[in-house]
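Here's the structure we're looking at; comments come further down.
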Amino acid sequence: MPVGALRLPAGFSATVFAHGIPGARMMTEGPNGTIFVGTRAIGRVYAVTRNADGTTRTRIIAQRLPQPNGLVMVGNSLFVFAINRVLRYDNIEANLDNVPAPVELTEAFGLPTEAEHGGNHGWKFATLGPDGRIYTNVGANCNICEIDRDRFALLVSFKPDGSDRRIEARGIRNSVGMALHPVTHELWATNNGRDWAGNDWPNDTLHRVRRSGEDHGFPFCSSRSADPQYNAGRNCSEFVQPAALLGPHVASLGMRFYTGTMFPEQYRNQIFIARRGSWNRERLTGYDVVVARTDAQGNVTGIEDFMTGLRDDANQRFLDRPVDIHVMRDGSLLVSGEQMGAIYRITYRQ
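Shown next as structure tokens:
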């Protein structure tokens, strides 16, 4: 585990919370402290529990699913979003060693199928809002193209039974991370920009959704500017502009507001973002965790490094790929590492 390579601000330290979790991506926490972890290619869902001696135990609680990336806890039930399949595992923490058959909610949610996505951006992220609704994404079914703007490139929400679908934002190409602000309850989301338009354009972006149904511009505009192929004569001022630019091709994924008390006050309610790292850029970028700083009005005032050291610029290689962030109840921060199948725990001591 490359924990020794991690670089953090003064006072912070990192340890390996758990390992042996191939493909570890999105995380959620049960009422009893179990960390559930989704994956993409490997098709598994894991449960990580802590032993009395501080070590962890990992179980596979579901497998052979189509990219079960999105997880969210609603009460004692774990919801797993696997492309269009939605499965609910009731009373899951009491049944980790004998997982019952899930309740099938696929038809109720009615998400586009893997075939409808055409292999593009079908994987999901999911989070629970303070309104009791489940928020998730529907990525674009292409790299860049005209889309059905009511079916793809969306942020959407549902009641937990899959009813009352509501479009929260259109024109967001591929969001695999979102959270609602702990005070204002505004929805924020990361977004991955299109490919094959150069090393330095477009940036990945951070979006702030103030009203349900806003249009954020894909495919006409990206990164606050017109797309060179698919602008169709649209003026980017027609659309809601990104709250911040996050860097070209950095693969900005999981994001969370810091709601704990362990870290210094200046981190309270600030946005931690995992940048998985570029895959088609000549020089690597990303492979880190950054903080989007916001002011009292909710405007982003800057993006600063938080966890670095996984990208080796001299040799153009990387040691791990951060994918998601989770704030534990004790205020520490978990970061999932997909490449190494690990979860890192970041703590602060003055």
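If you're matching positions, the sequence shown starts at 2 in our numbering and goes up one per residue.
By construction, the Cβ of each residue, glycine as well, lies at the ideal position given by its N, Cα and C atoms.
Item, Value
"Starting from the C-beta of residue 183, find all residues in its chain whose C-beta is less than 8 Å away, skip the five residues before and the five after it, and write them out in chain order.", "258, 260, 270"
"When the distance is taken between beta carbons, is residue 19 closer than 7 Å to residue 50?", "no"
"Assuming residue 321 and residue 341 are in contact, meaning their beta carbons sit under 8 Å apart, how far apart are those beta carbons, in whole angstroms?", "5 Å"
"Go ahead and pull the three-state DSSP assignment for residue 237.", "helix"
"Between the Cα of residue 195 and those of 142, 215, 212, 185, spot the shortest distance and give me the residue it belongs to.", "142"
"Going by DSSP, what residue range makes up the beta strand (DSSP E) through residue 110?", "Counting along the chain, residue 110 falls outside any beta strand (DSSP E), though it belongs to the alpha helix (DSSP H) covering 107-110."
"Within this structure, are the beta carbons of residue 200 and residue 175 separated by less than 7 Å?", "no"
"Three-state secondary structure (DSSP) at residue 323?", "strand"
"Within a Cβ cutoff of 8 Å, which residues of the same chain sit near residue 268, ignoring the five residues on either side of it in sequence?", "259, 292"
"Start and end of the alpha helix (DSSP H) containing residue 118?", "115-118"
"Do residue 170 and residue 139 have their C-beta atoms closer together than 7 Å?", "no"
"Per DSSP, what are the beta-bridge partners of residue 273 in this structure?", "257, 292"
"Starting from the C-beta of residue 275, find all residues in its chain whose C-beta is less than 6 Å away, skip the five residues before and the five after it, and write them out in chain order.", "254, 255, 290, 323, 324, 325, 326"
"Do the stretch 295-304 and the stretch 214-223 make contact, defined as three or more Cβ pairs closer than 8 Å?", "no"
"Applying the 10 Å Cβ sphere with the 16-neighbour rule, what's the burial state of residue 337?", "buried"
"According to DSSP, is residue 38 helix, strand or coil?", "strand"
"Should residue 279 be labelled buried (16 or more other beta-carbon atoms within 10 Å of its own) or exposed?", "buried"
"Which two residues bound the contiguous beta strand (DSSP E) that contains residue 90?", "86-90"
"Where in the stretch 129-196 do unbroken runs of the beta strand (DSSP E), each at least 3 residues long, occur, reported from the N-terminal end onward?", "135-139, 155-159, 167-171, 179-181, 188-192"
"Check residue 96 in the structure and name its three-state DSSP category.", "helix"
"Tell me, please, which residues DSSP counts as bridged to residue 337.", "325, 344"
"Comparing C-alpha positions only, which one of 288, 331, 294, 332 sits nearest to residue 313?", "288"
"Excluding sequence positions up to five away, which residues of its chain have a Cβ less than 8 Å from the Cβ of residue 245?", "206, 207, 293, 301, 304"
"Between the stretch 102-122 and the stretch 31-43, do at least 3 Cβ pairs fall closer than 8 Å?", "no"
"Tell me, please, which residues DSSP counts as bridged to residue 349.", "13"
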